[in-house]
Structure formats: structure tokens, C-alpha cells
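Asker: Handing you a structure now.
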Amino acid sequence: MTSLKSSKPIAGGVALLLALAAPWLLSSYDLNLLARFLALSLTAMGLVLLWGEGGVLSLGQGVFFGLGGYAIAMHLKLVGLGPEEIPDFMVWTGLTALPWWWAIFRSPVAAVLAVFLVPSAIAALFAWAIFRRRIGGVYFALITQALALAFATLLVSQQDKTGGFNGLTDYKTLFGFNLNFPSTSVGLYYATLLFVVIAFAALTWLLGGRYGKMLRAARDGSNRLRFLGYDPAPYKIVAFTVAALLTSLSGALFTLHAGVISPALVGVVPSIEMVIWAAVGGRESVIGAIAGALLVNFAKDKISTAFPELWLYGLGLLFILAVTVLPKGLAGLFGEDHPFKPARWRKEKAPEPAPPLAPETAPREEETVA
Amino acid sequence: MKPPMLQMQNVIVDFDGFKATNDLSLTIESGSMTVVIGPNGAGKSTMCDAIIGRVRPTSGKVLFHGREIQDESEHGIVGLGICRKFQTPGVLVALSVIDNLTIAATQDRRWWRSFGKKGEAEARAKAEEILDKVGLTERRDAIAGNLSHGEKQWLEIGMVVATDAELLLLDEPTAGMGAAESTQTANLIKTLLGKHAVLVIDHDIDFVAQLGGHVIVLHQGKLLKEGTLAEIRADEEVAAIYLGRQK
């Protein structure tokens, strides 16, 4: 075990070096894919905090992904336009003036602030309203899924202001850099890598300290915590808010790499895919979540190119395998205790992991206010 | 005159017509030992639930040092100084024994404190002390979910004690324990008296005898008798409800 433990920082170091050297190792097409998927890994990291450690399954992370993506995309659509000009799709749908909430996004500072602050504020308010009423488990998952559906539907229906089904695309420059230059792509790749490293460090710090313990305590025994004199809700609210922030950042960076944000990237199916990245990588491991996001998305890219109709089945199969055989995901293979290790090598049996959908299900322990 | 530490005044808890406690009144003094006995369904656990805010009385009052607490939040009541051990051991399964005790021993329980280190050292020192008291020193770093049933019971008693609450409610602390362990538990509880008032619910009459203290008999949600164990044992009405004899 010790050899495995001490080898972890070395493996991490090698991975980071490879990531730093990637612009020289990969074609520009593959580098763009890697950058996109690294951006997506921020969403999976947020889910480790929220779902793996907090026991709160959100099927609506697409909402925050979209808020981040659209915030930066609105700015990109406005740069380069004259004071009286409005984005092309508005002209086509007959709009004559820019709505005021679009005008704010002329300022790059406002756009960046919106990426960070708007989803966090919405997430904090939403989580406060929900967790204070002790709604959890399946109920929470369903509410968040409904939100994702409503959000995507709203975007499609407001075509004149949101670009509708096609979303926002065709960006030219970001903060004065031409997005079509290879150097800009490389710069954006490094920026994404930096955010991933920062998020990794922040989550490791957060989960390693008192807060992480309190969050796990709130996951496994919110009643016990309550009767020890703690209010368990704030720990979950913080987890939901931080996850939303990471997801928004993820959406903004993804939009820059992909050159598009649309309702198809934020609805119910993408939100479930986000959960699968974390499940496959390991929902209790931050590094596992990064690996999960990269692996699932590279697989999606390769498989859906070769056999477009097969990918969804493959994704479903992956999820079933992750839940039944590897409840701790790929990260579980490197843990103290995994299903393929002979019993005599195992250390003490770890406590039963909470079931994926309903840790401490609402109706029994928590009196759910529906 | 100083009000008693805890008073229940005419507390009725009504579950859809079934009165789990029916006009229950009782008083607990600081530092005292009270043992509650009674047949299944007598309302013993519901009485505890009503004190700690897990159920809200349909009518009646619960007063702690003269202050009405029946509408306080659960964690607010703990903050005032009442903590309970549940019938089925409720420990924080993913955390180590010492972390369980440290969380319980932390006095400033506001959420934003979890981002800093303030008060952590004191809580940890207190936790180490309790660890020794409940005999779990060797299991210090074990994950609580991996403990045996008896060890979980001890850990939870330790956690309740670690909160430093003035009133400790122990609901069947010896459930699943053997005779030797029960005796140890009784000795541990006795060391708590004076600093804490303790209310114990138990069925095991030997254990109740070891504890000594004031005995309250509940029956059909009402206080049937109170007195020393000898008085209760001699009481015919109590014998009748336990043995099902008709008067």
C-alpha cells in the first residue's frame, strides 16, 4: 500500500508535466479537444464536492454550465459591434434595440463577473430555499432536473434574445485576442489548465479540513448532526454554491474552446452526462473526476464519430458498470479497497457507500416538505 | 425562586388521535439522575423527542431554566444545553472515532467556523479526554462505521457527553450490551452526575438498580408513579401494568 501511496504524487507530477507539454505533443485539433474536456472536468470536480462528499445529487448542473457559457458568449457577440449595432441573430428575428440586460455584457469585466457571481448567487439562494426545508435525495434530483428542462426550454423559446435552438456562435475576439489564432488557442488551453489546477488545490484544501468532515457528517447523519447542535443545511448550501461556480466556469471555458453555446449543451441529457463523468471517474475523488471527464469525452468523440448511433448505449452501459461494479469509479481501483483485490489484502471493510440516488432518503429521516 | 432546570407542563403529543404523551408533567433538577421506565408504547421516547424538538407538542410547554423551548430548532435546543443519545446508535459513519468526538466537543457550532482553525485544539483535547473515558483509546482512528454495535453505543454516549450539555438524555444506552458492559456504562453515567443531569430510559431492571436515582414510571403517555426503585418495585399498580394483571 505504501508504495502505491507514495507513487501518487509522482503520477500527478507526470500528468501535470504531460499536460504542460501538450501543445507540443498534440495536433491543434486534439489540443482543442483536450482543452474542451479539461474545461468540462471542472463540472465533474464540482460534482465530487456536491454529490460524492455532500451526498446531494444534482441533475441540473447544465443550468450553471449554461449561465457561464451564455454570459461569456453574450460578451463575445457584442465585441466589435458599433454602439447602435445589434448581434446578427437579433436582426434576423426583427429586434431593433439591444435589451438592457444584454447591454451590460459589452463590458468584459461585467461578463467575467457574471460568470463568477450570477450562478453562485442563484445557486446559494436556491440551495438555501431547498435545504432549509430539508428536501433531499431523489426529490432534490428531480427538482434540479426540472430546472434544467425549464432552462433549456426558456432558451429555445426566447429566440430573439437568446439565439434560440442554435444558441450563440461565431465569435471573433476575446479581450482583444483573435480567437482564430493558434497562439490564442494555446493561451486558452493554459488558462484552462491553470483553473483546473487551482480548483483541484482548492477542493483538496476544502475537503481535507473541518469543512470536509462536516459535509460528510451532514451527508451520512444530518439528524445526528442536528442533535449535536449543528444546522446541517449551510454545509450543503456551500457545496452546491461552489459546485455551481465551478460548473459556470466550466461552461464559460468550454464555450471559448468550442466556439458555441446552445440549449443542446445545457438541458436534461447533458446534465445527466455530467453526473456520469463523475460516476465513472469516482465521485469521491477529485483527480478521479478529472480523469472521468477526460475519458468519457474522448470516448464519446471517438465512438460517436465511428458509430454515431451507438454512443448513447455505450454511455448507459458505462453508467451501469460504474454504479454496480465500481461504485467508487475508476479512482476506486487505486484505493485501499477495490472489488478486484483478494479479500485477504483488504484492510478494514470500508463503510457502505451511500446509494447513488438517495443517501439518507428524505421520507424516512428527514421530514420532507413537498 | 429559581425555576427547576427542566419542566414539562401538561405536554400532549398527538399522532393522528393517538396521544403518545397525554398531559405529561415532570420536573428534572440540575445534576440529578432520573430513570424512566414503562412498557413499550408508554411514551418514553416521545417524551425525549418532545424535549429535544424532534416532535412538537400539540399542547403544553417544555421549560428549560424557565424558558419555553418547545418551538426552538433542534440545534438551538442543543445549544441551550440538552443533548440526546438515540435508541439506535447514530454515529457519523464516514468519520474516525476521534473526529466524531471532536465534532461533538466543538462549542462554537456556527457553520463558517468550519473554514478556520479557531476552537479546534480545545475540542480535540476534550475529545481525547472523552476517548479515554469511554474506553475507545485503541479505536481512536478507526472509522466509526466499522465499530461493533457496543463500541458505537459507547462512542455515541461519549459524543453526547462531549457536547458538555447540562442535561443528557440517554435512550436505552445498554441496548445490545452484555452484563459486564452494562455495569461499566452505569459506572460511567454515575461519574457524570453533578456536572450534568442525566435522564436514562431503560428496560433492564438490574441496570436501573445500578444507576440508583429517581425512577419515573410512564404508562399510556402519563406519569404513573415516581419514587425510589424500592418504592416502585413495591407498587402494585406498577406490577399490574408490567405483568398485565387486572386490578
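Heads up: the protein sequence lines correspond to chains H and S, in order. Going by our numbering, the first sequence opens with residue 16, and the numbers climb by one from there. Going by our numbering, the second sequence opens with residue 160, and the numbers climb by one from there. Don't be surprised by glycine CBs; every beta carbon is placed ideally from N, CA and C.
1) Find the residues of chain H that neighbour W270 (chain S), judging by a C-beta separation of less than 8 Å, and give them in chain order.
2) Looking at the strands, I want to know which residues DSSP matches up with D330 (chain S).
3) Starting from F174 (chain S), follow the beta strand (DSSP E) in both directions and report where the run begins and ends.
4) Express the C-alpha separation of L32 (chain H) and G109 (chain H) in angstroms, rounding to a whole number.
5) Taking only beta carbons into account, state which residues of the segment 205-229 of chain H come closer than 9 Å to chain S, listed in chain order.
6) Can you tell me whether F177 (chain S) is buried or exposed? The criterion is at least 16 other CB atoms within 10 Å of its CB, across all chains shown.
7) Taking only beta-carbon positions, decide if R241 (chain H) is within less than 8 Å of chain S.
8) Determine the closest residue to A156 (chain H) out of H:Q76, H:S300, H:G329, H:A233, with distance taken between C-alpha atoms.
9) Got a sec: is the Cβ-Cβ distance from L35 (chain H) to anything in chain S below 8 Å?
10) When the cut-off is 8 Å and only beta carbons count, does L479 (chain S) lie next to chain H?
11) How many Å lie between A34 (chain H) and G303 (chain H) at the Cα?
12) If we define contact as Cβ-Cβ less than 8 Å, is A308 (chain H) a contact residue for chain S?
13) For the alpha helix (DSSP H) that contains M206 (chain S), what are its first and last residues?
14) Give, in chain order, every unbroken run of the alpha helix (DSSP H) that is at least 4 residues long and sits entirely within the segment 354-400 of chain S.
15) Give every residue of the same chain whose Cβ lies closer than 8 Å to the Cβ of R243 (chain S), excluding the five residues on either side of it in the sequence, and list them in chain order.
16) Under 8 Å, with one C-beta from each stretch per pair, do the segment 142-157 of chain H and the segment 78-97 of chain H reach the 3-pair mark?
17) Chain S partners of G236 (chain H), CB-CB under 8 Å?
18) Under three-state DSSP, which class holds E8 (chain H)?
19) Counting Cβ pairs closer than 8 Å, one from the segment 338-358 of chain S and one from the segment 277-289 of chain S, do we hit at least three?
20) Hey, could you find the ends of the alpha helix (DSSP H) A284 (chain S) is sitting in?
21) Taking the C-alpha atoms as reference points, what is the distance between T130 (chain H) and S265 (chain H)?
22) Could you tell me whether the segment 292-299 of chain H touches the segment 65-72 of chain H, where touching means 3 or more Cβ pairs closer than 8 Å?
23) Assign F215 (chain H) to buried or exposed, taking buried as 16 or more other Cβ atoms, counted over all protein chains shown, within 10 Å of its Cβ.
24) Listed from N- to C-terminal order along the chain, which residues in the segment 206-224 of chain S have their beta-carbon within a distance smaller than 7 Å of any beta-carbon of chain H?
25) For A165 (chain H), which three-state DSSP category applies?
26) What does E385 (chain S) reach in chain H if we use C-beta pairs closer than 8 Å?
27) Hey, would you say R213 (chain S) sits closer than 8 Å to Y245 (chain H), going by beta carbons?
28) Would you list the residues sitting across from T188 (chain H) in a DSSP beta bridge?
29) From V212 (chain H) to A206 (chain H), what does the alpha carbon distance come to, in whole angstroms?
30) Exposed or buried, Q312 (chain S), counting other C-beta atoms within 10 Å across all chains shown (16 or more means buried)?
31) Suppose you measure from the CA of L383 (chain S) to the CA of A393 (chain S); what does that come to, to the nearest Å?
32) Compute the Euclidean distance between the alpha carbons of K23 (chain H) and P198 (chain S), then round it to the nearest angstrom.
33) With DSSP run on the structure shown, which of helix, strand or coil describes S94 (chain H)?
34) Who are the Cβ neighbours of F146 (chain H) in its own chain at under 7 Å, not counting the five residues just before and after it?
35) Would a check of beta-carbon distances place A139 (chain H) closer than 8 Å to chain S?
Answerer: With the structure as the only source:
1) By Cβ distance, chain H contributes M229, Y245, D246, P249, Y250, V253.
2) S:I360
3) 165-174
4) Cα to Cα, the separation comes out at about 51 Å.
5) L221, G224, R225, Y226, G227, K228, M229
6) exposed
7) yes
8) H:Q76
9) Taking Cβ atoms only, chain S never reaches closer than 8 Å to L35 (chain H), which makes this a no.
10) The requested residue 479 (chain S) does not occur in the structure, where chain S is confined to residues 160 to 406.
11) 16 Å
12) no
13) According to the DSSP assignment, M206 (chain S) belongs to the alpha helix (DSSP H) that extends over 203-211.
14) 364-370, 388-393
15) Cβ neighbours of R243 (chain S) beyond the five flanking positions: C207, I210, I211, V319, L327, L328, L329, D330.
16) no
17) G249, V250, L251, V252, listed in chain order.
18) In the structure displayed, chain H extends from 16 to 385; residue 8 (chain H) sits before or after that span and is not available.
19) Fewer than three pairs of CB atoms, one per stretch, sit closer than 8 Å, so the segment 338-358 of chain S makes no contact with the segment 277-289 of chain S.
20) 279-292
21) Per the sequence shown, the amino acid found at residue 130 (chain H) is Val instead of Thr. Going by the C-alpha atoms only, they are around 10 Å apart.
22) The answer is yes - the segment 65-72 of chain H touches the segment 292-299 of chain H, with three or more Cβ pairs under 8 Å.
23) Label assigned to F215 (chain H): buried.
24) I211
25) helix
26) The contacting residues do not exist; E385 (chain S) stays about 26 Å from chain H at best.
27) Note that the C-beta distance between R213 (chain S) and Y245 (chain H) is not below 8 Å.
28) Answer is H:N193, bridged to T188 (chain H).
29) Using only the alpha carbons, I get a separation of about 10 Å.
30) buried
31) If I take the Cα positions, the gap works out to 14 Å.
32) Cα to Cα, the separation comes out at about 58 Å.
33) The sequence shown places Val at residue 94 (chain H), not Ser. Three-state result, V94 (chain H): coil.
34) Exclusion of the five residues before and after F146 (chain H) leaves A248, K251, I252 as the residues of its chain whose Cβ lies within less than 7 Å of its Cβ.
35) no
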